[in-house]
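One structure is given below, encoded as structure tokens.
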Amino acid sequence: MLGKILRFFRSSPRPARRERPLDDAPVPKLGLALSSGGARGLAHVGVLQVLEENGIEVHAIAGSSMGAYIGALWAVGFSGKALEDLAAEMQDRRQLWKLADPMFPPMKGLFHGHKARAHLERSLGEVRFEDLERRLLVVALDIDSKERLVCRRGKIADAVHASCAMPGIIAPVTLEGHRCVDGGVIDPVPVGVLKKFSDVDRVLAISTIPTFQDVDEGLCRVEETPDLRLLKRCGMAINRNINFMARGNIIDTFRQSIRAAQIRLAHESCKRADLCLRPEHFFAPWHDYSGFRRFIEAYFPTDQMGLTPGKARVLSYTRSQKEQLKNRFKIALFYTALVFFGWKLDHSKVKYREYPWTSFWIYFIYTIGLIHLAYLAAFVIAR
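Start counting the sequence shown at 694; every next residue gets the next number (our numbering).
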């Protein structure tokens, strides 16, 4: 990746003026277009670290969703190392759940987004677009006019909040009278925004949106035996009944529908960039922040690590599966404790049977705990 960036930067056109010494030739202005992508957007941190280490100056940044968040933090002064430390904090699921504020009934989304907004204020403070030394452009979708909204003025935290409001999950954000949602829906790789609203000479696009080829390869799995396939189906059947984000459930269906449009939009945007970088292909859900380090390292060339692209892909997939297994083991311990707690209550001398709701909750704890333990067993056996 480093070689690509340096060749791209050095090959930038420079205005020719014979009377000016060569050392004084103007340096072309570089703009970064950072894509959306959820947890996969943490791969942007790796690119920013490479730019910092090689002293390559960036004059403008445009971002959608996760790209807007990473780009805004970098624009206000966070270093690549500080961004990596922040990503390390996000791998703790407890930290993520602290940002959850469920909406009931979920009329506008599953979550209000107030806690996420407070988190952005703590990170970005009261900094405004006008205070920045380099140009920052944040993309959101105005769901009333169906138009792309490019934020260039006002508080950065407000704009990033609007750009990260995933439709159906986080309630729409009102920004300057516009109801806004995730900018990745309308412009996942905002190359056109940079060309229109900045005076950069070259555009470097960083896309974590998969291509159709990536999707095809991701769906092609190694041939399995009938017994292994049956065990996996048992685990998937349990998962579908307890996990809203499981394959085929409501959130997954919604996300996959948006992803189909994003792939086409990203493909067209990347063609307009002077150079588009995509990470080494890796399998990871958009909400999996536990493997932040493999996201950050996704852009580093595999030949420097002594790996062929094929081996790197297998290694990345294996690490992802190990992390999933580790997380499921922790969850299993929790639900085992629930089953034990329910068993103790059931055999206690407390006359809870006089209260129907108490009896209901005890058996509910039993059921949830046993389902998760059965799912974990199916997951382990299927591997």
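For each residue, glycine too, the CB sits at the ideal point set by N, CA and C.
- Under the rule that a run must span 4 or more residues, the alpha helix (DSSP H) segments found entirely inside the region 786-816 read 786-790.
- A straight-line Cα-Cα distance of about 31 Å links ARG971 and VAL820.
- Across the structure, LEU803 and THR946 are spaced so that their CA atoms are roughly 15 Å apart.
- Around the beta-carbon of GLN949, fewer than 16 other beta-carbon atoms lie within 10 Å, marking it exposed.
- The Cβ atoms of ASP880 and MET859 lie no closer than 9 Å to each other.
- Bridge pairing for ILE754: LEU725, LEU829 [DSSP].
- Around the Cβ of VAL720, a 10 Å sphere holds fewer than 16 other Cβ atoms; the residue is exposed.
- Just so you know, the alpha carbons of PHE822 and GLY861 end up roughly 28 Å apart.
- The beta carbon of SER816 sits closer than 7 Å to the beta carbons of LEU766 from its chain, once the five residues preceding and following it are set aside; these are given in chain order.
- Separation of GLU826 and ALA768 (C-alpha to C-alpha, rounded to the nearest whole angstrom) is 8 Å.
- In this structure, VAL743 keeps its C-beta atom at 9 Å or more from the C-beta atom of GLY724.
- Under DSSP, the beta-bridge partners assigned to CYS969 are ALA898.
- Scanning its chain for C-beta atoms nearer than 7 Å, with the 5 sequence neighbours on each side dropped, one finds around GLY773 the residues VAL738, LEU741, GLN742, GLU745, in chain order.
- When C-alpha distances from SER856 are compared across SER729, GLY847, HIS807, GLN784, the shortest belongs to SER729.
- Shortest Cα-Cα distance from ASP837 to any of ILE902, ALA850, GLU869 involves GLU869.
- For HIS871, DSSP records a beta bridge to LEU868.
- Separation of GLY984 and SER758 (C-alpha to C-alpha, rounded to the nearest whole angstrom) is 19 Å.
- Taking C-beta atoms as the reference points, ALA753 and LEU887 count as a pair closer than 9 Å.
- Between VAL866 and the set VAL832, ARG733, LEU897, the nearest pair of CA atoms involves VAL832.
- Of all alpha-carbon atoms in ASP981, LEU792, PRO903, the one lying nearest the alpha-carbon of LEU958 is that of PRO903.
- Counting along the chain, ARG987 sits inside no beta strand (DSSP E); it lies in the alpha helix (DSSP H) bounded by residues 985-989.
- Looking from the CA of VAL843, the closest CA among GLY770, ALA954, VAL882, ARG733 belongs to VAL882.
- CA-to-CA, the gap between THR901 and LEU779 works out to about 19 Å.
- DSSP places GLY861 outside any alpha helix (DSSP H); the residue lies instead in the beta strand (DSSP E), whose first and last residues are 861-863.
- Within the same chain, Cβ atoms closer than 8 Å to the Cβ of LYS791 are found at LYS808, the five residues on either side in sequence being excluded.
- Between ALA726 and ALA954, the gap from beta carbon to beta carbon reaches 9 Å or more.
- Assigned with DSSP and collapsed to three states, ARG846 falls in coil, not helix or strand.
- Shown here, GLU782 sits in a helix according to DSSP, grouped into three states.
- As the crow flies, the alpha-carbon of ALA811 is around 14 Å from that of TYR762.
- Under the DSSP assignment, LEU735 falls outside any alpha helix (DSSP H); it carries neither an H nor an E label.
- For PHE890, the enclosing alpha helix (DSSP H) begins and ends at 884-890.
- Closest by C-alpha distance to GLY734, out of GLY760, ILE749, LYS722, GLY756, is GLY760.
- By the Cβ-count criterion, ALA775 is exposed, with fewer than 16 other Cβ atoms from all chains shown falling within 10 Å of its own Cβ.
- With a cutoff of 9 Å on beta-carbon distance, PHE890 and ARG828 are scored as near each other.
- Taking C-alpha positions only, PHE905 is separated from ARG952 by approximately 10 Å.
- Under the three-state reduction of DSSP output, GLU745 falls in the helix class.
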